[in-house]
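All letters in the sequence shown, in the order written, are residues 1 to 120 by this note's numbering.
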Amino acid sequence: QRLGWPDSRRPKLMFLTVTPEMREESYELDISISGDLSALKGWLHRDGSQLDGVYLQFEPKMLEEAGGAVLRQLSASYTVGVWGYSTDPDDVNSAINLVQSGVTFVNTDMPHKFMAAAAA
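Structure, rendered in structure tokens:
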């Protein structure tokens, strides 16, 4: 039992990250999958409690082999989600690639072109 909920009814609690170049004044962890991820564990395990995982800001590197390997490593220990801006890829092929790298949640705005690549 964590944070007062029985495990069977508790929603997943995830930590949202941003890439360093997008940082604004807030309580956020600047993190990049090509950098040092050791600080992440300290944010997920704190004061006798723990979060289930992390929502990472999309990085193009995530669709490359090295980035996929990092995502697989993270997802072996945590639930991993990916979010992005409207300028980031938002299509079925990118989502499939992320899921194949171990990502559980992929945020999407479901644009009309989302399935276009799959139909081609």
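Even glycine gets a Cβ: it sits at the ideal position worked out from N, Cα and C. The model shown is predicted, which means the values in this text are computed figures rather than measured ones.
Self-check item: Range of the contiguous alpha helix (DSSP H) that encloses VAL99
Solution: What you label residue 99 is simply residue 99 of the sequence shown in a count that begins at 1. Start and end: 92 to 100.
Quiz item: What number of angstroms, rounded off, separates the C-alpha of LEU63 from the C-alpha of ASP91?
Solution: Against the sequence shown, residue 63 aligns to sequence position 63. Against the sequence shown, residue 91 aligns to sequence position 91. When rounded, the distance between both Cα atoms is 12 Å.
Quiz item: What residues match up with ARG72 in a beta bridge as DSSP calls it?
Solution: Counting from one through the sequence shown, the residue named residue 72 turns up at place 72. Beta-bridge pairing links ARG72 to no other residue.
Quiz prompt | Every unbroken beta strand (DSSP E) inside the segment 29 to 74 [3 residues or more] | solution = 53 to 57
Quiz item: Going along the chain, which residues of its own chain have a beta-carbon closer than 8 Å to the beta-carbon of GLN100, five neighbours each way excluded?
Solution: Stepping through the sequence shown from its first residue, residue 100 is reached at position 100. Cβ within range, chain order: GLY68.
Exercise. Please state if the CB of GLY35 and the CB of GLY53 are separated by a distance shorter than 9 Å.
Key: If you number the sequence shown from 1, residue 53 lands on position 53. If you number the sequence shown from 1, residue 35 lands on position 35. No. Outside cutoff.
Practice problem: Kindly give me the distance between the Cβ atoms of THR108 and ALA95, rounded to whole angstroms, as I take these residues to be in contact under 8 Å. | Solution: Here residue 108 is taken as the residue at index 108 of the sequence shown, counted from 1. Here residue 95 is taken as the residue at index 95 of the sequence shown, counted from 1. 7 Å between Cβ atoms; contact.
Self-check item: Contact belief for LEU29 with TRP43 at Cβ below 8 Å, rounded distance in angstroms
Solution: In the sequence shown, counting from the first residue as 1, residue 29 sits at position 29. In the sequence shown, counting from the first residue as 1, residue 43 sits at position 43. With 8 Å as the limit, LEU29 and TRP43 qualify as a contact, their Cβ atoms being about 5 Å apart.
Practice problem: Might you give, ordered along the chain, the residues of its own chain that have their beta carbon closer than 6 Å to the beta carbon of VAL70, omitting 5 neighbours on each side? | Solution: As a first step, residue 70 must be located in the sequence shown, where it is residue number 70. Excluding positions up to five away in sequence, the list reads ILE33.
Quiz prompt | VAL18 versus ALA116: straight-line alpha-carbon distance, rounded | solution = The residue given as residue 18 occupies position 18 in the sequence shown. The residue given as residue 116 occupies position 116 in the sequence shown. So the two alpha carbons sit approximately 28 Å from each other.
Quiz item: Would you call GLY48 buried or exposed, if buried means 16 or more other Cβ atoms sit within 10 Å of its Cβ?
Solution: The count along the sequence shown starts at 1 and reaches residue 48 at position 48. The residue in question, GLY48, is exposed, as its Cβ has fewer than 16 Cβ neighbours within 10 Å.
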